[in-house]
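A.B. asks: In our numbering, the protein residues as written are 505 to 617. Every residue gets a Cβ at the ideal spot worked out from N, C-alpha and C, and that includes glycine. It should be emphasised that the depicted structure is a prediction, and the values quoted were computed from it without experimental measurement. Sharing a structure below in structure tokens format, with a few things to ask.
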């Protein structure tokens, strides 16, 4: 009797059919999972591309702001007005420290280029 059940319900063609159905079901589910993952990756790509474009725009704005802040320095040869003062007469000791501070300031401003 057991052999009859095995031969009737578990014939090789039926086993192959059930295996084929199971394999098709597995491949269908795997395909759906990969399609969802693909869509997820596409959305992430779009999101990151948008973020990159935002960063590029902000970088361009920063570069424009930096360009506006750049100083147009003249070469030292054109600053002859500074060279007109050769001697400074100090009337007393109270002006000496103030004069020293101004000299240092002019030296610092003249040295930056």
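Tell me where the alpha helix (DSSP H) around residue 548 begins and ends.
C.D. replies: 516-573 is the extent of the alpha helix (DSSP H) around residue 548.
A.B. asks: Report the rounded CA-to-CA distance for residue 534 versus residue 543, giving the unit in angstroms.
C.D. replies: Rounded to whole angstroms, residue 534 to residue 543 spans 14 Å at the Cα level.
A.B. asks: Is residue 597 helix, strand or coil by DSSP?
C.D. replies: Reduced to three states, the DSSP call for residue 597 is coil.
A.B. asks: For residue 514, I'd like the list of residues in its chain whose CB is within less than 6 Å of its CB, leaving aside the five on either flank, ordered along the chain.
C.D. replies: Closer than 6 Å at the Cβ level, and outside the excluded window around residue 514, lies no residue.
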